[in-house]
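Trainee: Residues 364 to 972 (our numbering) are what the sequence shown spells out, left to right.
Glycine included, every Cβ here is placed at the ideal spot set by N, Cα and C.
This is the structure, below, for whatever I ask next.
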Amino acid sequence: MFHRKPRPRRAAFLTITLSTVVALIVPAGCLQPIPGPVTPSTPEVLHARLWVSQGKVYTFPEQVPPHETKPTTGVCLSGGGTRALSAGMGQLRALNQLGLLKHVQYLSCVSGGAWLGTAFTYYERGARDDAEFLGPVTLPEAITWPGLQHLPMSCVGHTATKNFAEAIWELLEGGHTPKDLIWIRAVGETFLEPFGLYDETDPDSEYFSLDADTVREIKDRNPTLHHKRIRFHTVRSNDTDVKRPYLIVNSSLIWPVGRGPAEQLVGFEYTPLYAGNPFRLELTYKPFLKPAIRRTVGGGFIEPFAYGCYAPSGPVKDGLVRVTQPPAFSLADAAGTSSSAYARILGEVNHSLLPHALGWAVTGTGGEQTFLHDFGDGGNLENYGLMSMLLRRVKNIVVFINTDVKLNVHYKPSPRHPPTASDIDDVLPAYFGLPIRSGLLRKRPYPNNQVFKQEDFVCVVEALQTAKRCGHGAVAVTDLAVQSNDWWGVPGDWKTRICWVYLDRAPHWESKLYDGRDPRTGKSLKAAIDEGNDPYFPSGPFQKFPNYRTVAENFPDLIELTKQQVNLLADLTYWVVSKNHHHLRKVLEPKKTGIEPARRQPPRLGAST
Numbered sequence: 364m365f366h367r368k369p370r371p372r373r374a375a376f377l378t379i380t381l382s383t384v385v386a387l388i389v390p391a392g393c394l395q396p397i398p399g400p401v402t403p404s405t406p407e408v409l410h411a412r413l414w415v416s417q418g419k420v421y422t423f424p425e426q427v428p429p430h431e432t433k434p435t436t437g438v439c440l441s442g443g444g445t446r447a448l449s450a451g452m453g454q455l456r457a458l459n460q461l462g463l464l465k466h467v468q469y470l471s472c473v474s475g476g477a478w479l480g481t482a483f484t485y486y487e488r489g490a491r492d493d494a495e496f497l498g499p500v501t502l503p504e505a506i507t508w509p510g511l512q513h514l515p516m517s518c519v520g521h522t523a524t525k526n527f528a529e530a531i532w533e534l535l536e537g538g539h540t541p542k543d544l545i546w547i548r549a550v551g552e553t554f555l556e557p558f559g560l561y562d563e564t565d566p567d568s569e570y571f572s573l574d575a576d577t578v579r580e581i582k583d584r585n586p587t588l589h590h591k592r593i594r595f596h597t598v599r600s601n602d603t604d605v606k607r608p609y610l611i612v613n614s615s616l617i618w619p620v621g622r623g624p625a626e627q628l629v630g631f632e633y634t635p636l637y638a639g640n641p642f643r644l645e646l647t648y649k650p651f652l653k654p655a656i657r658r659t660v661g662g663g664f665i666e667p668f669a670y671g672c673y674a675p676s677g678p679v680k681d682g683l684v685r686v687t688q689p690p691a692f693s694l695a696d697a698a699g700t701s702s703s704a705y706a707r708i709l710g711e712v713n714h715s716l717l718p719h720a721l722g723w724a725v726t727g728t729g730g731e732q733t734f735l736h737d738f739g740d741g742g743n744l745e746n747y748g749l750m751s752m753l754l755r756r757v758k759n760i761v762v763f764i765n766t767d768v769k770l771n772v773h774y775k776p777s778p779r780h781p782p783t784a785s786d787i788d789d790v791l792p793a794y795f796g797l798p799i800r801s802g803l804l805r806k807r808p809y810p811n812n813q814v815f816k817q818e819d820f821v822c823v824v825e826a827l828q829t830a831k832r833c834g835h836g837a838v839a840v841t842d843l844a845v846q847s848n849d850w851w852g853v854p855g856d857w858k859t860r861i862c863w864v865y866l867d868r869a870p871h872w873e874s875k876l877y878d879g880r881d882p883r884t885g886k887s888l889k890a891a892i893d894e895g896n897d898p899y900f901p902s903g904p905f906q907k908f909p910n911y912r913t914v915a916e917n918f919p920d921l922i923e924l925t926k927q928q929v930n931l932l933a934d935l936t937y938w939v940v941s942k943n944h945h946h947l948r949k950v951l952e953p954k955k956t957g958i959e960p961a962r963r964q965p966p967r968l969g970a971s972t
C-alpha cells in the first residue's frame with residue numbers, strides 16, 4: 364500500500380517541465396530487451412467474464428441483455444490535454460442544455476478528452492449535479508475580465524488549472540511509486556481525486572464497473588472482492604442528471620516495447636464492462652540481423668477488475684474463466700494510460716517508464732502465452748476515438764476535434780494535393796488514406812486508419828472551411844461510406860453520418876464580446892484574442908486562442924491553463940455548439956417515427972435551462 368503525506372504548498376519555481384521529469388526518472392542506458400512470455404506464480408483465485416470475437420463479428424457486452432445499448436448515436440471527445448478537457452467541458456455543457464446528451468448512446472474519449480469523459484461518467488462528489496460539474500453559461504456580451512477569474516473547484520475545468528508537474532514531482536520525491544505508475548497516479552490526483560474517483564492513500568484498492576447490480580454479481584462469484592478495502596466506482600446515476608452514455612476510453616498497445624512503429628500500434632479500449640481489443644491481430648517484428656518475432660494480440664474482452672491477469676489455464680465455460688488476481692485496474696489507470704503521450708518518446712530509452720500490463724490473445728481455449736505489454740496515449744494511434752464508434756457500426760456520430768491546429772481556409776483540398784500539418788489537424792486526413800506533406804516529403808503518421816474514400820476528404824474539408832468563413836464556428840455534417848479496415852477490424856459497406864466540430868475561432872462570437880477593459884492592461888477581450896493570434900509574435904493571456912498548445916502553453920508550467928483561459932475556451936465551445944444546434948440535431952435526435960414527438964426548443968444562447 365502506498366501512503367503519502369499531504370501535499371505541501373510550493374513556490375512557483377518548483378514547477379517543472381516534461382524535460383525535467385524525464386531527466387529525473389530516465390537512467391542512462393541502451394534499449395531494453397523485448398520481454399518474452401511470463402508465467403504466473405500465484406494460484407487462480409478469480410472468476411471473470413470473457414467475450415471472444417469471431418473475426419469481424421464482435422460481441423459488445425453493452426449491446427446484449429440485460430444492458431442492450433443501441434449502437435445508434437455517439438460523441439467523440441478528442442485528445443489534446445487540458446485544452447481538450449476545457450473545450451469538451453463547454454461542448455458537453457451545450458449538448459446537455461440543448462437536450463441532446465440524453466440521446467447519446469456512446470461517449471468515446473482519448474487522452475485529455477478521457478480526463479473529462481471519465482470524470483463526467485463517474486463523478487461522486489465535488490459537484491452536486493451536471494450543471495455545477497460542467498460550469499455555468501455566460502453570454503459572450505456578459506463575459507468580463509473579473510468573471511473569467513471565477514472557476515469553482517466543483518467545476519471540472521478547475522482541474523485544468525492544477526499544477527500537474529508538481530504532482531509528478533511529489534511522487535518522484537516520495538520514492539515509493541513504481542516508475543510506470545507515476546504518470547497514472549499524477550492523473551488520478553489531478554483530474555479524478557477532486558470528484559471522489561481516486562484515493563491517493565490507497566490507490567491499489569479501487570476498481571470500476573457499470574452499476575450496483577454488475578458489482579453485486581462480480582462479488583457473488585468472487586468472495587475475495589468483498590473485502591472492505593476494495594471499492595468499486597459505478598457509473599453516475601442521479602435523477603437530476605442526464606443518463607450517461609456508455610463510456611469508451613481509448614489507448615494504444617505499443618509493440619515491440621519501446622520500438623513500436625506507427626504501423627504496429629494497436630487500439631485498446633477500457634469501458635465499464637470490459638477491457639481489451641475485439642479484433643485479433645498477428646504482429647511481426649524483424650530485428651536487425653535477428654529472426655522475426657511474432658505475437659498475437661486482441662480477439663476479445665475481459666472484465667476490468669481482471670484486466671492485467673495471466674492467461675487462464677482452462678477454456679471459457681458459461682462465459683467465465685478462472686484467472687489469477689492482478690493488481691487493481693482503476694479509473695486512473697484507464698485515463699492515465701489513455702493520456703500517456705510521452706510513451707512512444709521515452710520507450711526506447713527505458714520502457715519501464717511506460718504504463719504496462721500483462722496481456723494475451725483472447726481465444727477462449729485457455730493456455731495462451733502471457734506477455735508484458737506496454738501502453739501509450741490513444742492519440743498515438745487515433746486521437747478522436749472514432750474507430751471505436753465504427754467498430755460498433757454507430758451510424759450517427761458527433762466528433763469534437765479539439766486540436767491545436769487552426770483550419771486553413773485557403774488550402775484547396777484534393778487527394779492529389781494532401782495538406783500540410785499547418786493546414787489541418789493531421790489525424791483527419793488519415794481517415795481518408797491521405798498523408799501529410801512536409802516539403803517534398805509525404806508522411807503517414809497514422810498509416811492504418813483509412814476508413815473513408817479519398818475523394819470524400821474534399822467534401823468534408825470544404826464544408827468545414829465554408830462554415831468557418833461564415834463566422835459561427837467550423838461545424839459541418841457529412842454522410843460517408845465506411846470502407847473495411849483490416850488492421851482495426853472495422854467492417855465496411857455501410858454508411859455513417861458525422862457532424863464534425865473543429866476547434867477554431869468564431870468571429871461572430873468574438874464580435875459580441877463585452878468591450879470592457881482589463882484594468883491591468885487596458886485592453887478589451889477582443890484585442891487580447893487578436894494579440895494572442897498575431898502570426899509572428901503572439902502574446903498576452905490568450906496565445907493561439909482557442910487552439911492552445913498541448914504542452915507549455917504557460918511556460919514553464921507543463922500542461923496547466925489559467926482560469927481565464929479555461930473559462931473563455933469553454934464559453935466559446937458552448938456558443939459554437941448552441942449556435943449550430945441544427946447540425947447536431949440532424950445527427951443526435953431520434954428520427955421521426957409515425958407521430959412526431961414534441962421537440963425541445965433550443966435555449967437562448969447562454970441562457971440556463
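Considering only residues of the same chain and omitting the five flanking positions on each side of P678, which have a CB-CB separation below 7 Å?
Mentor: Translated into positions along the sequence shown, residue 678 becomes position 315. Correct list, in chain order: G727, T728 and G729.
Trainee: What does the Cβ neighbour count give for H736, buried or exposed, with the cut at 16 atoms within 10 Å?
Mentor: In the sequence shown, counting from the first residue as 1, residue 736 sits at position 373. Counting Cβ neighbours within 10 Å, H736 comes out buried, since at least 16 surround it.
Trainee: DSSP state of E666, grouped into three classes?
Mentor: What you label residue 666 is simply residue 303 of the sequence shown in a count that begins at 1. Of the three classes helix, strand and coil, the one that applies to E666 here is coil, per DSSP.
Trainee: Near S971, what residues of its chain come up, given a Cβ to Cβ distance below 8 Å and the 5 sequence neighbours on each side ignored?
Mentor: Stepping through the sequence shown from its first residue, residue 971 is reached at position 608. Because S971 carries a pLDDT of 34, less than 50, the predicted location of this residue cannot be relied on, and the following value inherits that uncertainty. Same-chain partners within the cutoff: Q460, A494, P499 and V500.
Trainee: Apply the 10 Å Cβ neighbour rule to H719 and answer buried if 16 or more other Cβ atoms are within range, or exposed otherwise.
Mentor: Taking the first residue of the sequence shown as 1, we reach residue 719 at position 356. That one is buried.
Trainee: Do you know how far the Cα of E529 is from the Cα of C822?
Mentor: The sequence position of residue 822 within the sequence shown is 459, counting from 1. The sequence position of residue 529 within the sequence shown is 166, counting from 1. Whole-angstrom Cα-Cα distance: 45 Å.
Trainee: Please report the distance separating the alpha-carbon of L843 from that of A523.
Mentor: In the sequence shown, counting from the first residue as 1, residue 843 sits at position 480. In the sequence shown, counting from the first residue as 1, residue 523 sits at position 160. Rounded to whole angstroms, L843 to A523 spans 35 Å at the Cα level.
Trainee: What is the rounded straight-line gap between the Cα of A447 and the Cα of T422?
Mentor: Locating residue 447 in the sequence shown gives position 84, where the first residue counts as 1. Locating residue 422 in the sequence shown gives position 59, where the first residue counts as 1. Straight-line spacing of the CA atoms in A447 and T422 works out to 31 Å.
Trainee: Under three-state DSSP, which class holds W414?
Mentor: Mapped onto the sequence shown, residue 414 falls at position 51. Per DSSP, reduced to three states, the secondary structure at W414 is strand.
Trainee: Apply the 10 Å Cβ neighbour rule to G836 and answer buried if 16 or more other Cβ atoms are within range, or exposed otherwise.
Mentor: Reading the sequence shown from its first residue, position 473 is the one you call residue 836. By the neighbour-count rule (16 or more Cβ atoms within 10 Å), G836 is buried.
Trainee: With distance defined between alpha-carbon atoms, name the residue in G551, D543 and G741 nearest to E632.
Mentor: Reading the sequence shown from its first residue, position 269 is the one you call residue 632. The shortest C-alpha separation from E632 is found at G741.
Trainee: For S352 and Q817, what's the separation of their Cα atoms in angstroms?
Mentor: For the chain, the structure presents residues 364 to 972; residue 352 sits outside this window and is missing.
Trainee: Short of 7 Å in beta carbon distance, which residues of its chain neighbour D604, apart from the five on each side in sequence? Order them along the chain.
Mentor: Position 241 of the sequence shown holds residue 604. Within the same chain, Cβ atoms closer than 7 Å to the Cβ of D604 are found at D492 and D493, the five residues on either side in sequence being excluded.
Trainee: Can you check whether the CB of N765 is closer than 8 Å to the CB of S471?
Mentor: Along the sequence shown, one-based indexing puts residue 471 at 108. Along the sequence shown, one-based indexing puts residue 765 at 402. In terms of Cβ geometry, S471 and N765 do not form a close pair [threshold 8 Å].
Trainee: Figure out for me which residue from L511, A655, K831 and G895 has the closest Cα to the Cα of D867.
Mentor: For the purposes of this step, residue 867 is identified with residue 504 of the sequence shown, where counting begins at 1. Taking only the C-alpha atoms, the option nearest D867 is K831.
Trainee: Give me, in chain order, the residues of the same chain whose beta-carbon lies closer than 6 Å to that of E556; leave out the 5 immediate sequence neighbours on both sides.
Mentor: Position 193 of the sequence shown, counted from the start, is the residue given in the question as residue 556. Taken in chain order, the list of residues that qualify is empty.
Trainee: Give a yes or no on contact between the region 532-545 and the region 635-649, applying the rule of three or more CB pairs nearer than 8 Å.
Mentor: Flag = no, the region 532-545 and the region 635-649 do not touch.
Trainee: Which two residues bound the contiguous alpha helix (DSSP H) that contains G537?
Mentor: Along the sequence shown, read from residue 1 onward, the residue named residue 537 stands at position 174. Note, G537: alpha helix (DSSP H), F527 to G537.
Trainee: Between the C-alpha atoms of P667 and S572, what's the straight-line distance to the nearest angstrom?
Mentor: The residue given as residue 667 occupies position 304 in the sequence shown. The residue given as residue 572 occupies position 209 in the sequence shown. Whole-angstrom Cα-Cα distance: 7 Å.
Trainee: Give the range of the beta strand (DSSP E) segment to which W478 is assigned.
Mentor: Along the sequence shown, one-based indexing puts residue 478 at 115. Careful: W478 lies outside any beta strand (DSSP E), inside the alpha helix (DSSP H) at G475 to Y485.
Trainee: What are the start and end residues of the beta strand (DSSP E) that includes H719?
Mentor: Looking up residue 719 in the sequence shown gives position 356. Here the beta strand (DSSP E) through H719 covers H719 to G722.
Trainee: Would you mind giving the Cβ-Cβ distance between L455 and V929, rounded to the nearest angstrom? I have them listed as a contact below 8 Å.
Mentor: Indexing the sequence shown from 1 puts residue 455 at position 92. Indexing the sequence shown from 1 puts residue 929 at position 566. 14 Å between Cβ atoms; not a contact.
Trainee: What is the DSSP secondary structure of W863, counted as helix, strand or coil?
Mentor: Against the sequence shown, residue 863 aligns to sequence position 500. Of the three classes helix, strand and coil, the one that applies to W863 here is strand, per DSSP.
Trainee: Take Y485 as the anchor and find which of F795, G662 and Y570 has the nearest alpha-carbon.
Mentor: As a first step, residue 485 must be located in the sequence shown, where it is residue number 122. If we check each option's Cα against that of Y485, Y570 comes out closest.
Trainee: Quick one: what's got a C-beta closer than 6 Å to V467's C-beta in the same chain, skipping five residues either side?
Mentor: Within the sequence shown, the letter at position 104 stands for residue 467. Here the set comprises T436, V438 and P608.
Trainee: To the nearest angstrom, report how far apart V578 and N759 are at their CA atoms.
Mentor: Working through the sequence shown from its first residue, we reach residue 578 at position 215. Working through the sequence shown from its first residue, we reach residue 759 at position 396. Between V578 and N759, the C-alpha separation is close to 31 Å.
Trainee: From the DSSP output, in three-state form, read off R948 for me.
Mentor: Here residue 948 refers to the residue found at position 585 when the sequence shown is read from its first residue. Helix at R948.
Trainee: S941 by DSSP, collapsed to three states: which one?
Mentor: Taking the sequence shown and counting its residues from 1, one reaches residue 941 at position 578. Note: S941 maps to helix in three-state DSSP.
Trainee: Who are D740's beta bridge partners in DSSP?
Mentor: Translated into the one-based positions of the sequence shown, residue 740 becomes position 377. Paired residues: S614.
Trainee: CB L753 to CB G739, shorter than 8 Å?
Mentor: Residue numbering aside, residue 753 sits at position 390 when the sequence shown is read from its first letter. Residue numbering aside, residue 739 sits at position 376 when the sequence shown is read from its first letter. Result no, Cβ atoms of L753 and G739 do not sit closer than 8 Å.
Trainee: In this structure, does DSSP put E632 in helix, strand or coil?
Mentor: Along the sequence shown, read from residue 1 onward, the residue named residue 632 stands at position 269. It is a strand residue.
Trainee: Indicate the three-state DSSP secondary structure (helix, strand or coil) for L409 in the structure shown.
Mentor: As a working mapping, residue 409 is identified with position 46 in the sequence shown. When DSSP states are grouped into helix, strand and coil, L409 belongs to the strand group.
Trainee: Could you check what DSSP says for C822 in three-state terms: helix, strand or coil?
Mentor: What you label residue 822 is simply residue 459 of the sequence shown in a count that begins at 1. Looking at C822 - three-state DSSP - the assignment turns out to be helix.
Trainee: Here's the rule I'm using: 16 or more other beta-carbon atoms within 10 Å means buried, otherwise exposed. How should V427 be labelled?
Mentor: Counting from 1 along the sequence shown, the entry for residue 427 is found at position 64. Exposed.
Trainee: Quick one: what's got a C-beta closer than 7 Å to A482's C-beta in the same chain, skipping five residues either side?
Mentor: If you number the sequence shown from 1, residue 482 lands on position 119. Around A482: V519, F554, L555, F558 and L560.
Trainee: Alpha carbon to alpha carbon, how far is G663 from Q846? Give it in angstroms, no decimals.
Mentor: Taking the sequence shown and counting its residues from 1, the one referred to as residue 846 is at position 483. Taking the sequence shown and counting its residues from 1, the one referred to as residue 663 is at position 300. Spanning the two alpha carbons is a distance of roughly 22 Å.
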